Amino acid sequence: MAPRENLKIMITQTEIADRVSELALGIKERLGPEPPLVIGLLTGSFMFVADLIRALHTVGVNPEVDFMIVASYRDKRDHSGSVEIIEEPKVDVAGREIVLVDDIVDTGKTLARTVDIVLSKGATKVWTCALLDKPSRRDVKIEADFTGFTIENRFVVGYGLDDGGLYRSAPYIAIINSSG
Ligand code: IMP
Ligand code: MG
């Protein structure tokens, strides 16, 4: 069965593209004069980062780009919702203005933890940007500085977000239709 038959589109490709352009403009307005360092949180943010940095280029921002690899455990058995840092940034963040990019802010633990790490390494300023926000799930008091879309407490896939490793390649955000 084709995977897409199980998916119900929540946010279309066009809606994402339009919003990414707006986010880039909003970020550009707040940035200082030096080239920023965009740090994407892998794996979920890879598609968003790829589009966001091209949108930044379009509005005249020339960022350096790096990634951190983090894993968050949402397993019901692990109520702590621990965040594992698998790889830290390779670029020296000291004295830099950072744009930290993730796919979604859910409990907020990933973003809070990674902001702390980057600040502890001497970043001058950390802006946070997430494509999606699920405020109803928050455990840690944190809001991204730039948010694409605020959504209800539904598990979503696509545009980099996965369910058990699958559906990252969908070019839209969708919910899995279990009856599909
Ligand atoms: P947080 O640390 O709880 O904010 O979780 C953030 C991470 O959980 C995200 O980077 C995603 O990898 C994952 N996540 C949270 N909600 C969803 C979802 O609805 N679909 C897929 N992954 C999600
Ligand atoms: Mg993620």
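Each residue of the sequence shown is one higher than the one before, starting from 854 at the first, in my numbering.
Quick reminder that beta carbons are idealized off the backbone N, C-alpha and C, glycines included.
Since the structure is predicted, the reported quantities are computational estimates derived from the model, not experimental observations.
Only counting the same chain, and skipping five residues up and downstream in sequence, which positions put a Cβ closer than 8 Å to that of Asp992?
Gly934, Thr960, Gly961, Lys962
Which whole-angstrom value is the C-beta distance of Ala976 and Val946, which I expect to be below 8 Å?
5 Å
Is the stretch 881-893 touching the stretch 855-866, taking contact as three or more C-beta pairs under 8 Å?
no
Which one of Leu909, Met900, Val968 has the shortest CA to CA distance from Glu882?
Leu909
What do you reckon, are the CB atoms on Val923 and Ile939 nearer than 8 Å?
yes
Have a look at Asp1015, Ile951, Thr896 and flag the residue whose alpha-carbon is nearest the alpha-carbon of Leu1037.
For residue 1037 there is no data in the structure shown, the boundaries of the chain being 854 and 1033.
According to DSSP, simplified to helix, strand and coil, what is Lys861?
strand
List the whole-angstrom C-beta distance separating Ala880 from Asp919, where the pair is believed to meet the contact cut-off of C-beta under 8 Å.
The amino acid at residue 880 is misidentified as Ala; the sequence shows Ile. Rounded, the Cβ-Cβ distance is 16 Å, inconsistent with contact.
Put Glu937 into one of helix, strand or coil per three-state DSSP.
strand
Measure the Cβ-Cβ separation of Pro901 and Leu1019 and say whether it is below 8 Å.
Looking at the sequence provided, one finds Phe at residue 901 rather than Pro. No, these two residues do not count as a Cβ contact at 8 Å.
Between Pro942, Glu875, Gly897, which has its C-alpha nearest Val912's C-alpha?
Minimum Cα distance to Val912 is reached at Glu875.
Within this structure, are the beta carbons of Ala1023 and Val1010 separated by less than 8 Å?
yes
Residue interval of the beta strand (DSSP E) (run including Leu895):
Run containing Leu895: 890-895, per the beta strand (DSSP E) assignment.
Would you decide whether Tyr926 is buried or exposed? Buried here means 16 or more other CB atoms lie within 10 Å of its CB.
exposed
Quick check on the burial criterion: 16 or more other C-beta atoms within 10 angstroms. Buried or exposed for Asp871?
exposed
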